[in-house]
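**Student:** Handing you a structure now.
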Amino acid sequence: MDRKVIPVANPWLGEKEAAAARRVILSGWVTQGPEVAAFEKEFAEYVGVPHACAVSSCTTALHLALRALGVGDGDEVITVSNSFIATANAVCYTGALPVFVDVDPCYHNIDPEKIEQAITSLTRAILCVHQVGMPCDVKSILEIARKHGLPLVEDAACAMGSEILWNGRWERIGKPHGDIACFSFHPRKLVTTGDGGMLTTANADWDRKFRLWRQHSMNVSDAARHNAQQVVFEEYVELGYNYRLTDIQAAVGREQLKRLPAMLERRRMLATRYDKLLSEIPGIGLPKQPCWAHSNWQSYCVRLPERCDQRRFMQKLLDEGISTRRGVMCAHREAPYADMSQCVRFPLTESEIVQDRTIVLPLYHQMTEAEQDRVIAAVANACTLFFASARSQQLV
Ligand SMILES: *Cc1c(COP(=O)(O)O)cnc(C)c1O
2 MDRKVIPVAN PWLGEKEAAA ARRVILSGWV TQGPEVAAFE KEFAEYVGVP
52 HACAVSSCTT ALHLALRALG VGDGDEVITV SNSFIATANA VCYTGALPVF
102 VDVDPCYHNI DPEKIEQAIT SLTRAILCVH QVGMPCDVKS ILEIARKHGL
152 PLVEDAACAM GSEILWNGRW ERIGKPHGDI ACFSFHPRKL VTTGDGGMLT
202 TANADWDRKF RLWRQHSMNV SDAARHNAQQ VVFEEYVELG YNYRLTDIQA
252 AVGREQLKRL PAMLERRRML ATRYDKLLSE IPGIGLPKQP CWAHSNWQSY
302 CVRLPERCDQ RRFMQKLLDE GISTRRGVMC AHREAPYADM SQCVRFPLTE
352 SEIVQDRTIV LPLYHQMTEA EQDRVIAAVA NACTLFFASA RSQQLV
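Sequence positions in the sequence shown follow our numbering and run 2 to 397.
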């Protein structure tokens, strides 16, 4: 067949981003400078937060967030295994141990009811994830966190533009509703700068720390030194990192922010269309959205029929020119966590079900309805084949 493969995701970039990058390259100032400052300001205004600090990725954002909270050697951070591995890795970078709790079977986000049992005298923070853009139950989690005097970090890597109903008003993820939220600008997310990240907080002290640490803990900014009329000698006041975002990336990010409302509208329309048309296929479980959440639909994940072989199902779709991914991974099944039995103290049954029995269907801004129809037809076809072969093996 001569048909183009439908990708699982596709960043929406164009001439505007190319022109922005060109403008910065020709300006002569290419790393953390005026474009980063402008991107931070526009980002902060969009999510409705006092402070936004740009960094090189969400992974580095998570590292700085945990360090600002004083998380370090010997501490424990309660989080999910069922997330991209960077969530757990960031905890390990601080010297602390991630303690995994299961996700709930309905929304596939951290199960607030499972958090309290995981709290010990060593717990220093809770790190929740708005998985695939679907807001987690921050209100319930925050109640537990406050009761135990624990700070809450939100891994909002996928959640740019997602909203949560907060005291009767729709608010954007990143306000933050916990203490610090961390975003990603990887091409698999909505807004992309190639790579990049953002920290948001209402706490000015933490924001100052992020700004210091991302630039080697150098006590004078490049811009201040550049513009100084008198000679300035800088100092490196503590251990720092190079976690800078470049001005080239920030200029691209500013153009992406302008596209975000259109991206959200399109993705929500396509997700609603998937809901409607896939609901007619028996055996396929649709993603659920709580009444207090508006997802940005960073990913659209469906659950396969019971006993359906995930790899074969995905291969069948790929044979028809449709690219998919398996559901969100589990960190505890990967090599860095294989020997860390201390991380796995509780059953992670639902987490493993998400990884083994869900798949991510193609969803991206430029997707046409005809392309979406091809995906839906292929899913229906694969289901029919599965049920036919299951019947012949007396499975159903
Ligand atoms: C993508 C992702 C990350 C990592 O983001 P980077 O910007 O690539 O470092 C972290 N957590 C979650 C939940 C993610 O989806």
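Ideal Cβ positions, reconstructed from N, Cα and C, are used throughout, including at glycine.
1) With a Cβ-Cβ cutoff of 8 Å, do Leu279 and Val303 count as a contact?
2) What are the partner residues of His295, as DSSP defines its beta bridges?
3) Across which residues does DSSP place Glu307 in a beta bridge pair?
4) Determine, using beta carbons only, whether Leu257 and Glu18 come nearer to each other than 8 Å.
5) From Val104, Cys309, Lys140 and Ala38, pick the residue whose C-alpha is nearest to that of Arg392; which is it?
6) Look at the alpha carbon of Ile174 and the alpha carbon of Gly284, and state the distance between them as a whole number of angstroms.
7) Going by beta-carbon coordinates alone, are Val102 and Ile120 separated by less than 8 Å?
8) Give me the residue from Cys159, Lys5, Asn297 and Gln216 with the minimum Cα distance to Cys54.
9) Look up Gly198 in the DSSP assignment and give the residues it is bridged to.
10) For Cys159, verify whether its CB is less than 7 Å away from any heavy atom of ligand 1.
11) Is Thr124 a contact residue of ligand 1, with contact defined as CB to any heavy atom under 7 Å?
12) If you run the structure through DSSP and keep just helix, strand and coil, what is Pro51?
13) Mind checking who Pro99 pairs with in its DSSP beta bridge?
14) What do you get for Thr385, buried or exposed, if any count of 16 or more other CB atoms within 10 angstroms of its CB means buried?
15) Tell me whether Lys42 is buried or exposed, calling it buried when 16 or more other Cβ atoms sit within 10 Å of its Cβ.
16) For a test of your reading of the model: does the CB of Gly134 fall under 7 Å from any non-hydrogen atom of ligand 1? Yes or no.
17) Where does Val355 fall in DSSP's three states?
18) So, for Arg274: in the same chain, excluding its five sequence neighbours on each side, which residues have a beta-carbon less than 8 Å away from its beta-carbon?
19) Taking the alpha carbon of Gln311 as the reference point, which residue from Tyr301, Thr325 and Trp298 has its own alpha carbon closest?
20) Any heavy atom of ligand 1 inside 7 Å of the beta-carbon of Gly328?
21) Would His131 and Thr95 qualify as a contact pair, given that the criterion is a beta-carbon distance under 8 Å?
22) Reducing DSSP to helix, strand and coil, say where Ile120 ends up.
23) Specify the secondary structure class of Asp105 as computed by DSSP and reduced to three states.
24) At a threshold of 7 Å, does Thr32 count as lining ligand 1 (C-beta to nearest heavy atom)?
25) Got a sec? Which residues, its chain only, sit under 6 Å from Ala21 by beta carbon, not counting five neighbours each side?
26) Tell me where the beta strand (DSSP E) around Asp156 begins and ends.
27) Using a threshold of 7 Å, is the CB atom of Val130 nearer than that to any non-hydrogen atom of ligand 1?
28) Expressed to the nearest angstrom, what Euclidean distance is found between the alpha-carbon atoms of Asp156 and Cys331?
29) Below 7 Å CB to CB, which residues in the same chain sit around His333 once its five sequence neighbours on both sides are set aside?
30) Would a C-beta distance cut-off of 8 Å place Gly322 and Val31 closer than the cut-off?
31) Can you give the Cα-Cα distance for Ala379 and Cys93, rounded to whole angstroms?
32) Does at least one heavy atom of ligand 1 sit under 7 Å from the Cβ of Gly416?
33) Quick one: give me the first and last residue of the alpha helix (DSSP H) that Glu172 is part of.
34) Alpha carbon to alpha carbon, how far is Gln316 from Ala383? Give it in angstroms, no decimals.
35) In chain order, what residues of the same chain have a beta carbon less than 7 Å from the beta carbon of Met2, not counting five sequence neighbours either side?
36) At a threshold of 7 Å, does Cys59 count as lining ligand 1 (C-beta to nearest heavy atom)?
**Tutor:** Per the coordinate set shown:
1) Taking the sequence shown and counting its residues from 1, one reaches residue 279 at position 278. Taking the sequence shown and counting its residues from 1, one reaches residue 303 at position 302. In contact: Leu279 and Val303 (Cβ atoms closer than 8 Å).
2) Here residue 295 refers to the residue found at position 294 of the sequence shown. His295 is bridged to Glu164.
3) Start at 1 with the first residue of the sequence shown, and residue 307 comes out as number 306. Answer by DSSP bridge pairing: none, since Glu307 is not bridged.
4) For the purposes of this step, residue 257 is taken as residue 256 along the sequence shown, with counting starting at 1. For the purposes of this step, residue 18 is taken as residue 17 along the sequence shown, with counting starting at 1. In the sequence as displayed, the identity of residue 257 is Gln instead of Leu. Their beta carbons are under 8 Å apart, which means Gln257 touches Glu18 by this criterion.
5) Against the sequence shown, residue 392 aligns to sequence position 391. Selected option, being the one with the closest Cα: Cys309.
6) What you label residue 174 is simply residue 173 of the sequence shown in a count that begins at 1. What you label residue 284 is simply residue 283 of the sequence shown in a count that begins at 1. Spanning the two alpha carbons is a distance of roughly 32 Å.
7) Here the question's residue 102 lines up with position 101 in the sequence shown. Here the question's residue 120 lines up with position 119 in the sequence shown. No, these two residues do not count as a Cβ contact at 8 Å.
8) Translated into positions along the sequence shown, residue 54 becomes position 53. It is Gln216.
9) Looking up residue 198 in the sequence shown gives position 197. BP columns for Gly198 point to Val56 and Ser185.
10) Working through the sequence shown from its first residue, we reach residue 159 at position 158. Answer for Cys159: yes, Cβ within range of ligand 1.
11) Start at 1 with the first residue of the sequence shown, and residue 124 comes out as number 123. Flag unset: Cβ of Thr124 not near ligand 1.
12) On the sequence shown, residue 51 is found 50 positions in, with the first residue counted as 1. Pro51 falls in the coil class under three-state DSSP.
13) Counting from one through the sequence shown, the residue named residue 99 turns up at place 98. According to DSSP, Pro99 bridges with Val78.
14) What you label residue 385 is simply residue 384 of the sequence shown in a count that begins at 1. Classification for Thr385: exposed.
15) Counting from 1 along the sequence shown, the entry for residue 42 is found at position 41. By the 10 Å Cβ count, Lys42 comes out exposed.
16) Along the sequence shown, read from residue 1 onward, the residue named residue 134 stands at position 133. The answer is no for Gly134.
17) The count along the sequence shown starts at 1 and reaches residue 355 at position 354. Helix.
18) The sequence position of residue 274 within the sequence shown is 273, counting from 1. Glu370 and Gln373, listed in sequence order.
19) Your numbering for residue 311 matches position 310 in the sequence shown. Answer by Cα proximity: Thr325.
20) As a first step, residue 328 must be located in the sequence shown, where it is residue number 327. False, no ligand heavy atom lies under 7 Å from that Cβ.
21) Translated into the one-based positions of the sequence shown, residue 131 becomes position 130. Translated into the one-based positions of the sequence shown, residue 95 becomes position 94. No; because the gap between Cβ atoms is not below 8 Å, this pair is not in contact.
22) As a working note, residue 120 is residue 119 in the sequence shown. Here Ile120 sits in coil by DSSP.
23) On the sequence shown, position 104 is the one that residue 105 refers to. The answer is coil: DSSP assigns Asp105 none of H, G, I, E or B.
24) Numbered from 1 along the sequence shown, position 31 holds the residue referred to as residue 32. No, ligand 1 has no heavy atom inside 7 Å of this Cβ.
25) As a first step, residue 21 must be located in the sequence shown, where it is residue number 20. Taken in chain order, the residues that qualify are Ala252, Val253 and Glu256.
26) Residue mapping note: residue 156 aligns to position 155 of the sequence shown, counting from 1. Counting along the chain, the beta strand (DSSP E) containing Asp156 begins and ends at Leu153 to Asp156.
27) By one-based count along the sequence shown, residue 130 stands at place 129. Yes; taking the cut-off as 7 Å, the Cβ of Val130 has a heavy atom of ligand 1 nearer than that.
28) On the sequence shown, position 155 is the one that residue 156 refers to. On the sequence shown, position 330 is the one that residue 331 refers to. Going by the C-alpha atoms only, they are around 15 Å apart.
29) On the sequence shown, position 332 is the one that residue 333 refers to. If we look at His333 and ignore the five residues flanking it on each side, its Cβ neighbours are Ser82, Phe101, Cys344, Val345 and Leu349.
30) What you label residue 322 is simply residue 321 of the sequence shown in a count that begins at 1. What you label residue 31 is simply residue 30 of the sequence shown in a count that begins at 1. For Gly322 and Val31, no; Cβs fall outside 8 Å.
31) For the purposes of this step, residue 379 is taken as residue 378 along the sequence shown, with counting starting at 1. For the purposes of this step, residue 93 is taken as residue 92 along the sequence shown, with counting starting at 1. Looking at the two C-alpha atoms, the distance is approximately 41 Å.
32) Missing from the structure shown is residue 416; the chain here goes from 2 to 397 and no further.
33) Along the sequence shown, read from residue 1 onward, the residue named residue 172 stands at position 171. Looking at the DSSP string, Glu172 is not in any alpha helix (DSSP H); the run it does join, the beta strand (DSSP E), is Arg170 to Arg173.
34) Taking the first residue of the sequence shown as position 1, residue 383 is located at position 382. Taking the first residue of the sequence shown as position 1, residue 316 is located at position 315. Taking the straight line from one Cα to the other gives about 10 Å.
35) Numbered from its first residue, the sequence shown carries residue 2 at position 1. The pLDDT assigned to Met2 is 49, lower than 50, so where the model puts this residue is not dependable, and the model offers no usable value.
36) Looking up residue 59 in the sequence shown gives position 58. At least one heavy atom of ligand 1 is nearer than 7 Å to the Cβ of Cys59, so yes.
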